[in-house]
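*Asks:* Protein chains in written order, with our numbering: chain A, 29 to 448; chain B, 29 to 448.
Beta carbons are placed, not taken as given, at the ideal position from N, Cα and C, and that holds for glycine.
Quick one: the structure is below, questions incoming.
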């Protein structure tokens, strides 16, 4: 029989009792930030549950991890604490459990309607790394920028390529994105372009939130890497293609990316995703031993991007992709990241890179979807090569269970004009 | 007449009363971290000075900025607070001023012998960015990796190229550096190399510590950028050239750098460096308006690198360079960093990139000094292409005043073997 909560959850909700994703919120503006989990149209306030003494397991009893303004302390505690919290909360929210269900005063305090809350970044993100783990994306970028001769660099099949991203400009879903200004390639006989980006793009990504980190000099074994990952969020790695194209040789993307990166507020745990795990597919050439996994897993997470063009009431779906299209798994990404001794800290963010599928309608960014502006998209009758001011980009992602969804909610942002 | 302190300062000390660099220290192991300034062979404990009520200026009176375990709060306060603190401390430490000089109890508490203290990272570093601002370094890297046709990429002369570095692995001078393991280029007919790096290098850099940051979407004007820089430190951006060479296309350096970055503990303020400012030299082509400075300044800071080879008692100087060799100024670096709206936060670190001078004996890394291993260096009769386990690398830097030095002390680290 399917597990059910006494909290009413619509069948198309992303947040049934099977999910219980973690976020940080303020119940009202000005109040203290605190952790919560989403259940249907409510947020369960974990500081209230802590103060009521309802985390009564061996690890979490007496802990103040949910009295913090972020999840970092809980993230550092590791999988045994995460499993205990999940068990406690699934029991507490179950239809058959009277503790919270029949205590109207506590219920009133603990369950806050989601439309009233302000969601915040779930963790202090010390470092943000962005990978390049979709082969289809790597291939398309190579075809667009370098042509059909060896579109994918030879190193790509041997290691999960990545770069360090900018942590300070990571924002929560719903934050406006200010169109960046910067330099673009010189045109014939003139200097570089300078002004608002003319090729503003989204990138459909997901990102892993790191749990316990590792000490400097102590790599994480790839077969233990999953215990260092708390869960996943949706991520939009906004990109200014003209700025990026001019600046990125030889040290990689910098200002073409660092003006803003949006993440969804709810971290869906690997424990909730476990039942949607699927085979990651064979890697050829076989990875070096430090990247060879006993079990190589992806997750079957349907991803969708909609654009609501400036001035329009309705949004259009522009792509449908899936997390399972990644070539390098998140556990391989994490193990590779630490093989040189680099230390990860709780709350670090590891982006997957753009998740493109094999078909043109599953490409994960406008660069690919419009083939660098050569094939504009039609959205409700209006054409787009790249994003215009006022356009809103909305990501969703979910796994389909038997009679329920385990979803990520939305990751959205609207483009506003460059400052004068 | 030269300003003098009642604290005895040797003429070759880096820390006379003209300097007063800021750091964070523990007076003894296990005690609380607190800010201090260096004076001769002592550290002045700023928490003691605060508690004694001696910061009596308009801005700092009653402030708890020096009761913090890092400098971030003080950094955020900006130049007026920094100038006030400097004036207060120069007065308090002056030979003619009895307040501290004649109070044996307070002096005993406030002045801690530097050999007793443990130095810590001076600030929480939210993000670390590394530039590529020396033309000589850019040219040499281009010649080594791409050959004599256009060794410097066309974008280099139009913008200060940079990449995001790894903040978590920044360590304080004196911390051992564990040789990273990783992948290197495949050799003929075999897969990529995997193992301890065979081309471990130092990079002679300096780095700016950001003071007040800027809001997302609000670029800093290049002519106001100096007010966002508190001061400079020495920095060794350790690099594994074999890992870097294989991984860096197309997204830039990642594991070749992220295993460790060492900074010196004392932040020398721009106010202390002001009298060593010099003309930054003409830029051709002229920079775009957002990078065009009314006054374009560098600082005349002599830099020196010594290597103490494994098993040797003595160290050898391997290069002498100068901060003034930078093409792009630190203020241009900062303004460029924010032109796209990227936000900087107090404590952020902006590395200059390797500071190579024009002559072969002023190159800032072994890659250049040994021309990628082709011309080994002789150190006390032992040869080095790259660093070996047990080698210690020591940077120093100072400005020469009239009868005194304003220096940075040392930035050192020893290579220890990869874990088994």
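From what residue to what residue does the beta strand (DSSP E) around residue 425 of chain A run?
*Replies:* 420–428
*Asks:* So for residue 269 of chain B, helix, strand or coil by DSSP?
*Replies:* helix
*Asks:* Leaving aside the five residues before and after residue 431 of chain A along the sequence, list all residues of the same chain whose C-beta is less than 6 Å from its C-beta, in chain order.
*Replies:* 30
*Asks:* Pull out every residue of the segment 202–216 of chain A whose Cβ sits closer than 7 Å to any Cβ of chain B, in chain order.
*Replies:* 206, 208, 209, 210 and 211
*Asks:* Run through chain B and tell me which residues come within less than 8 Å of residue 373 of chain A, C-beta to C-beta.
*Replies:* 196
*Asks:* Using DSSP with H/G/I as helix, E/B as strand and the rest coil, what is residue 349 of chain A?
*Replies:* strand
*Asks:* Nearest by alpha-carbon distance to residue 284 of chain B: which of A:323, A:191 and A:41 is it?
*Replies:* A:191
*Asks:* I'd like to know if residue 275 of chain B contacts chain A, where contact means its C-beta is closer than 8 Å to some C-beta of that chain.
*Replies:* So, interface residue.
*Asks:* Shorter than 8 Å from the beta carbon of residue 26 of chain A to some beta carbon of chain B?
*Replies:* What is shown of chain A runs 29 to 448, which leaves residue 26 of chain A out entirely.
*Asks:* In chain order, what residues of the same chain have a beta carbon less than 7 Å from the beta carbon of residue 390 of chain A, not counting five sequence neighbours either side?
*Replies:* 347, 348, 349 and 384
*Asks:* Quick one: is residue 396 of chain B buried, meaning 16 or more other Cβ sit within 10 Å of its Cβ, or exposed?
*Replies:* Residue 396 of chain B counts as buried, since at least 16 other C-beta atoms from the protein chains shown sit within 10 angstroms of its C-beta.
*Asks:* What number of angstroms, rounded off, separates the C-alpha of residue 186 of chain B from the C-alpha of residue 178 of chain A?
*Replies:* 30 Å
*Asks:* Going residue by residue through the segment 225–272 of chain A, where are the continuous beta strand (DSSP E) segments of at least 3 residues, counting only ones entirely within it?
*Replies:* 232–238 and 257–264
*Asks:* Less than 8 Å between the C-beta atoms of residue 326 of chain A and residue 408 of chain A, yes or no?
*Replies:* Cβ atoms of residue 326 of chain A and residue 408 of chain A: not closer than 8 Å.
*Asks:* Using a 10 Å radius around the Cβ and a threshold of 16 neighbouring Cβ atoms, would you call residue 209 of chain A buried or exposed?
*Replies:* buried
*Asks:* To the nearest whole angstrom, what separates the beta carbons of residue 116 of chain A and residue 85 of chain A, a pair I think is in contact under 8 Å?
*Replies:* 6 Å
*Asks:* Using CA atoms only, rank isn't needed, just tell me which of B:130, B:359, B:64 and B:255 is closest to residue 159 of chain B.
*Replies:* B:359
*Asks:* Does DSSP classify residue 360 of chain A as helix, strand or coil?
*Replies:* helix
*Asks:* Quick one: does residue 98 of chain B have its CB under 8 Å from some CB of chain A?
*Replies:* Interface residue (Cβ-Cβ distance to chain A less than 8 Å): residue 98 of chain B is not classified as such.
*Asks:* With C-beta atoms as the reference, is residue 446 of chain A less than 8 Å away from residue 207 of chain A?
*Replies:* Closer than 8 Å, so yes.
*Asks:* Are the segment 166–180 of chain A and the segment 260–268 of chain B touching, with three or more C-beta to C-beta distances below 8 Å?
*Replies:* No: the two stretches stay apart, fewer than three of their Cβ pairs being nearer than 8 Å.
*Asks:* What are the residues in the segment 340–370 of chain A lying within 8 Å of chain B by C-beta distance?
*Replies:* 364, 365, 367, 368, 369 and 370
*Asks:* Quick one: which chain A residues come within Cβ less than 8 Å of residue 160 of chain B?
*Replies:* 279
*Asks:* For the alpha helix (DSSP H) containing residue 101 of chain B, list its first residue and its last residue.
*Replies:* Unbroken alpha helix (DSSP H) run through residue 101 of chain B: 100–105.
*Asks:* So with CB distances below 7 Å, who are the chain B contacts of residue 237 of chain A?
*Replies:* Those do not exist, as residue 237 of chain A stays about 15 Å from chain B at its closest Cβ, beyond 7 Å.
*Asks:* Going by beta carbon distance, what residues of the same chain come within less than 6 Å of residue 168 of chain A, once the five residues before and after it are set aside?
*Replies:* 396
*Asks:* With 16 as the cutoff for other CB atoms within 10 Å, does residue 227 of chain A come out buried or exposed?
*Replies:* buried
*Asks:* Within the 8 Å Cβ cut-off, does residue 132 of chain B reach chain A?
*Replies:* no
*Asks:* Taking Cβ positions, are residue 241 of chain A and residue 372 of chain A nearer each other than 8 Å?
*Replies:* yes
*Asks:* Please look up how many angstroms separate the CB atoms of residue 55 of chain A and residue 140 of chain A, rounded, as I've assumed it's under 8 Å.
*Replies:* 5 Å
*Asks:* Helix, strand or coil for residue 299 of chain B? Go by DSSP, reduced to three states.
*Replies:* helix
*Asks:* Of the residues A:238, A:60 and A:442, which one's Cα is nearest the Cα of residue 295 of chain A?
*Replies:* Among A:238, A:60 and A:442, the Cα nearest to that of residue 295 of chain A is on A:238.
*Asks:* Go to residue 367 of chain A, then tell me how far its alpha helix (DSSP H) extends in each direction, as first and last residue.
*Replies:* From DSSP, residue 367 of chain A is part of no alpha helix (DSSP H); its letter is neither H nor E.
*Asks:* Between the alpha carbons of residue 244 of chain B and residue 419 of chain B, how many angstroms are there, rounded?
*Replies:* 43 Å
*Asks:* Do you know offhand how far residue 433 of chain B's Cα is from residue 36 of chain B's?
*Replies:* Taking the CA atoms as reference points, residue 433 of chain B sits about 14 Å from residue 36 of chain B.
*Asks:* Does the distance from the C-beta atom of residue 32 of chain A to that of residue 123 of chain A stay below 8 Å?
*Replies:* Cβ atoms of residue 32 of chain A and residue 123 of chain A: closer than 8 Å.
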